[in-house]
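This report refers to the structure that appears directly beneath it.
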Amino acid sequence: KNEVEQSPQNLTAQEGEFITINCSYSVGISALHWLQQHPGGGIVSLFMLSSGKKKHGRLIATINIQEKHSSLHITASHPRDSAVYICAVETSGSRLTFGEGTQLTVNP
Amino acid sequence: SQTIHQWPATLVQPVGSPLSLECTVEGTSNPNLYWYRQAAGRGLQLLFYSVGIGQISSEVPQNLSASRPQDRQFILSSKKLLLSDSGFYLCACRGDANYEQYFGPGTRLTVT
Numbered sequence: 024k025n026e027v028e029q030s031p032q033n034l035t036a037q038e039g040e041f042i043t044i045n046c047s048y049s050v051g052i053s054a055l056h057w058l059q060q061h062p063g064g065g066i067v068s069l070f071m072l073s074s075g076k077k078k079h080g081r082l083i084a085t086i087n088i089q090e091k092h093s094s095l096h097i098t099a100s101h102p103r104d105s106a107v108y109i110c111a112v113e114t115s116g117s118r119l120t121f122g123e124g125t126q127l128t129v130n131p
Numbered sequence: 015s016q017t018i019h020q021w022p023a024t025l026v027q028p029v030g031s032p033l034s035l036e037c038t039v040e041g042t043s044n045p046n047l048y049w050y051r052q053a054a055g056r057g058l059q060l061l062f063y064s065v066g067i068g069q070i071s072s073e074v075p076q077n078l079s080a081s082r083p084q085d086r087q088f089i090l091s092s093k094k095l096l097l098s099d100s101g102f103y104l105c106a107c108r109g110d111a112n113y114e115q116y117f118g119p120g121t122r123l124t125v126t
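In order, the protein sequences belong to chains A and B.
Heads up: the first sequence begins at 24 in the numbering used here, then just goes up one per residue.
Heads up: the second sequence begins at 15 in the numbering used here, then just goes up one per residue.
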């Protein structure tokens, strides 16, 4: 069993839909990261959080430390949100362990 | 904020040839640096990390090595490439202020 599990693996949505991607982990962590990988491979950090909730524009990330679970929400989704979304947990030495990623496709 | 440079962007190398991928960082000093690999159809995996010049930690046994000759330079090397070394290699550093990880543009390596 992977230390970081994401669901779903693939997600197709219509423009404007509310989207949720889930991440569960099984190890003790110092922080959790949500990353976005574009088709060309480039990776952008969306959030780093260790408790509660963070919001950037249409993106919201939440984490429940007791349940070892995090969610990434996208409100009013748009085709430009299409990308792979990756959950990663940070352990000692600020090392990251990654989930397999969720491929999101938003159709116009 | 930090800027990470990686080169080359793409590389095709024959089996048994040597490899050298370079990563340099701007906008920070004494950063934690990381090499990750993403094999085709798989998630990212940490290969090496460094907390300072000459300090390298290896996460998985493999055909690769890393060096940090200068504070903001991180090099990934191999003496003899294997087919299984193909993948997308990303260099990253940890931010000073917010501890987020910043990623370079990556190098796509194909070993033939």
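Where a beta carbon is used, it is the ideal one built from N, C-alpha and C, also for glycine.
Distance from the CA atom of A:Q32 to the CA atom of A:C46, rounded to whole angstroms, is 11 Å. At least 8 Å separates the beta-carbon of A:H56 from that of A:S73. For A:G75, the enclosing beta strand (DSSP E) begins and ends at 75-79.
In this structure, DSSP gives B:G66 an extended state, which the three-state scheme calls strand. Contact note: A:I66 reaches chain B through L104, F117, using a C-beta cutoff of 7 Å and chain order.
Residues of chain B whose Cβ lies closer than 7 Å to the Cβ of A:L119 are, in chain order, L60, Q115. Between B:N44 and B:D99, the gap from beta carbon to beta carbon reaches 8 Å or more. Taking a contact as a CB-CB distance under 8 Å, the pair B:Y116 and B:C107 counts as one, their CB atoms being some 6 Å apart. The beta carbon of B:R51 does not come within 8 Å of any beta carbon belonging to chain A, so the residue lies off that interface. Annotated three-state conformation of B:R51 is strand, per DSSP. Around the Cβ of A:E113, a 10 Å sphere holds 16 or more other Cβ atoms; the residue is buried. Counting only the Cα atoms, A:E26 lies some 11 Å from A:C110.
Contact between the stretch 87-102 of chain B and the stretch 47-66 of chain B is present, with at least three C-beta pairs closer than 8 Å. A:A99 is bridged by DSSP to nothing; it lacks a bridge partner. The stretch 115-124 of chain A makes no contact with the stretch 17-27 of chain B, as fewer than three CB pairs between them are under 8 Å. In the same chain as A:I86, and ignoring 5 residues on each side of it, the C-beta atoms closer than 6 Å to its own belong to L55, L72, S93, in chain order. Distances from the alpha-carbon of A:P102 to those of A:A84, A:E38, A:L95, A:Q126 put A:E38 closest.
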